[in-house]
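From first to last, the protein sequence lines stand for chains A and B.
Take 2 as the starting number for the first sequence in the numbering used here and just add one per residue.
Take 279 as the starting number for the second sequence in the numbering used here and just add one per residue.
Glycine is no exception: its CB is placed at the ideal position from the N, C-alpha and C atoms.
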Amino acid sequence: MPLLSCQKFRQIVADFVEQALSPSDRQAVIEHLHACSLCAHLAHTYDTTRQLCRDALRKACPTELAQRLSAALRDALK
Amino acid sequence: MKPTRSRWSRWLGRGGPTDLPLATVLSPAPAASVVVPTVPPVDSVSSDQGISDAAAAARAAEVEHFRRAQAGDFAACEAIVQARRDSMYRLVAGLLENPADIEEVVQEVFFSVFRNLQQFTFDSSPRTWMTRIAINAALMRRRSERRRPLLALADFRSGGANPDMQAMWQQEGSARRGPEALVLSRELGQASQGAMAKLPEKYRLVLQLRDVEELTAEEVAQALGLTIPTVKSRLHRARLAVRHALTGHFEQRPAP
């Protein structure tokens, strides 16, 4: 299996954290990350950033609004 | 190779968020009161993976609910509201500031969906169609309203989402520092929110649709009228920009 370069890893870091790589590519990435702390740090912080963004933006519809929404739609649709 | 701050800075300077262009915001919604868009087909460069099993199951359920709703099943309509109201709320709230406007537009979105159910032909996913409706409705409502600068702060879970990364950190124990070693504090949460708020809207919206609402890259492309490579590029730049803003908050891990 060819060694993965740091440059190539930077191009596919998004696919790696999204688990969109083929099994062989994924394995190559994992081996590279064990050998390269710089890319491992990139992968780690990139993945963590993705999670932070997800958590920061995830917000439920307020209960009161959800209730009014259901009531309004019930009235309109029945 | 020990990562140093200067090395990170050089890398970021070459290909990272410092190259982020000053973006124009989303194209304004059409002036006409067209609320229900047609979703153009996308030339699929590559279908996107990376959605969770739960998201895949939710998609299947949505399709079923839409079919039943088209047949007049009121319970299916309620199920659609229940399943998608959080997503529609987040989307609209990200584009509008006034709570009253947000509520009205969220209601408009669902009314539009049910008024036009029979027009939906399953050429796209239901959530793509609804996303387009919500964006159009919110942009028409916004007009002169300024974009909301910040969303409310949420509590943050520690660590990233990729199981490969989690496994790697766990396997290596103290030799490498895992997600738990990152400073995932309230300060970090505020910093990440601040960074996202500073993103040009076209980047933030892609990030929201892809990472929060779990639309596939193809669905995001359909919803926003973009190509899949553009979606991926904007998403990557958005994540790098936020990551760059958080650089000082991430602890430097030691050399192995």
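Worksheet entry | Endpoints, alpha helix (DSSP H) assigned at residue 56(A) | 38-58
Worksheet item: If the cut is a Cβ gap below 7 Å, which residues of chain B does residue 70(A) touch?
Response: 359, 363, 384, 385, 388
Worksheet item: Over what stretch of residues does the alpha helix (DSSP H) that includes residue 512(B) continue unbroken?
Response: 506-523
Discussion item. Taking CB distances under 7 Å as the criterion, tell me whether residue 432(B) reaches chain A.
Written reply: Confidence at residue 432(B) is low in this model, with a pLDDT of 33, below 50, so its placement is unreliable and the value that follows should be read with caution. Answer yes: the Cβ-Cβ gap between residue 432(B) and chain A drops below 7 Å somewhere.
Discussion item. Any heavy atom of the ligand GTP closer than 6 Å to the beta-carbon of residue 69(A)?
Written reply: Among the ligands in the structure shown, none appear at all, so the ligand GTP cannot be discussed.
Fill in: Through-space distance from residue 483(B) to residue 476(B), alpha-carbon basis
Near 12 Å, if we compare the C-alpha coordinates of residue 483(B) and residue 476(B).
Fill in: Bounding residues of the alpha helix (DSSP H) (the contiguous stretch that carries residue 401(B))
Looking at the DSSP string, residue 401(B) is not in any alpha helix (DSSP H), and its letter there is neither H nor E.
Practice prompt. State yes or no: is the C-beta of residue 490(B) within less than 7 Å of the C-beta of residue 59(A)?
Written response: A contact, by the Cβ cut-off of 7 Å.
Discussion item. Assuming residue 485(B) and residue 513(B) are in contact, meaning their beta carbons sit under 8 Å apart, how far apart are those beta carbons, in whole angstroms?
Written reply: A Cβ-Cβ separation of about 6 Å places residue 485(B) in contact with residue 513(B) under the 8 Å criterion.
Worksheet item: Can you check whether the CB of residue 387(B) is closer than 7 Å to the CB of residue 74(A)?
Response: no
Fill in: Between the CA atoms of residue 507(B) and residue 357(B) - distance to the nearest angstrom
33 Å
Worksheet item: Any beta-carbon of chain B closer than 7 Å to the one on residue 7(A)?
Response: no
Practice prompt. Return helix, strand or coil for residue 63(A), following the three-state DSSP convention.
Written response: coil
Worksheet item: On the three-state DSSP scale, how would you describe residue 327(B)?
Response: Annotation note: pLDDT 48 at residue 327(B) (below 50); position unreliable, no value reported.
Practice prompt. Alpha carbon to alpha carbon, how far is residue 519(B) from residue 17(A)? Give it in angstroms, no decimals.
Written response: 18 Å
Fill in: the stretch 39-54 of chain A: positions lying closer than 7 Å to chain B by Cβ
39, 42, 44, 45, 46, 47, 48, 49, 50, 51, 52, 53, 54
Worksheet item: Of the residues 56(A), 77(A), 72(A), 6(A), which one's Cα is nearest the Cα of residue 38(A)?
Response: 6(A)
Worksheet item: Who are the neighbours of residue 514(B) on chain A, taking C-beta pairs under 7 Å?
Response: Residues of chain A passing the Cβ test: 15.
Discussion item. Run through chain A and tell me which residues come within less than 9 Å of residue 368(B), C-beta to C-beta.
Written reply: 58, 59, 60, 61, 62
Worksheet item: Sorted by chain position, which residues of the same chain lie with C-beta nearer than 6 Å to residue 366(B)'s C-beta, five sequence neighbours on each side aside?
Response: Within the same chain, residue 366(B) has close Cβ partners 384, 387, 412.
Worksheet item: So residue 416(B) and residue 374(B) are in contact, right, with Cβ under 8 Å, and what is the actual spacing, rounded?
Response: 5 Å
Worksheet item: Would you say residue 511(B) reaches chain A, if we count a Cβ-Cβ gap shorter than 7 Å as a contact?
Response: no
Practice prompt. Consider the Cβ of residue 66(A): report whether some Cβ of chain B lies at a distance smaller than 7 Å.
Written response: yes
Worksheet item: Helix, strand or coil: which one does DSSP assign to residue 372(B)?
Response: coil
Item to complete: Could you work out which residues of chain D lie near residue 4(A), taking near to mean beta carbons separated by less than 8 Å?
Response: Structure shown: chain D not included; protein chains present are A and B.
Practice prompt. At 3 residues or longer, and completely inside the stretch 474-510 of chain B: list those beta strand (DSSP E) runs for me, N to C.
Written response: Those beta strand (DSSP E) runs which fall completely within the stretch 474-510 of chain B and span 3+ residues do not exist here.
Discussion item. Which same chain residues end up closer than 6 Å to residue 469(B) when comparing Cβ atoms and leaving out the 5 residues on each side of it in sequence?
Written reply: 524, 527
Item to complete: Compare the Cα-Cα distances from residue 474(B) to each of 54(A), 63(A), 66(A), 77(A) and report the closest residue.
Response: 54(A)
Item to complete: Scan the stretch 465-483 of chain B for residues whose Cβ lies nearer than 8 Å to a Cβ of chain A and list them as they occur along the chain.
Response: Across the stretch 465-483 of chain B, CB contacts with chain A closer than 8 Å involve 466, 467, 470, 471, 474, in sequence order along the chain.
Worksheet item: What is the rounded straight-line gap between the Cα of residue 392(B) and the Cα of residue 403(B)?
Response: For the pair residue 392(B) and residue 403(B), the Cα-to-Cα distance works out to about 15 Å.
Fill in: Integer Cβ distance of residue 406(B) from residue 348(B), believed to fall under 8 Å
With 8 Å as the limit, residue 406(B) and residue 348(B) do not qualify as a contact, their Cβ atoms being about 17 Å apart.
Worksheet item: Checking contacts by CB at 7 Å: is residue 391(B) closer than that to chain A?
Response: no
Worksheet entry | Contacts around residue 379(B), its chain only, beta-carbon distance under 6 Å, and the 5 residues preceding and following it disregarded | 419
Worksheet item: In three-state terms, what does DSSP make of residue 394(B)?
Response: The DSSP-derived three-state label of residue 394(B) is coil.
Worksheet item: Rounded to a whole number of angstroms, what is the C-alpha to C-alpha distance between residue 66(A) and residue 56(A)?
Response: 21 Å
Item to complete: Go ahead and label residue 48(A) buried or exposed: buried means 16 or more other beta carbons lie within 10 angstroms of its beta carbon, across all protein chains shown.
Response: Result: buried.
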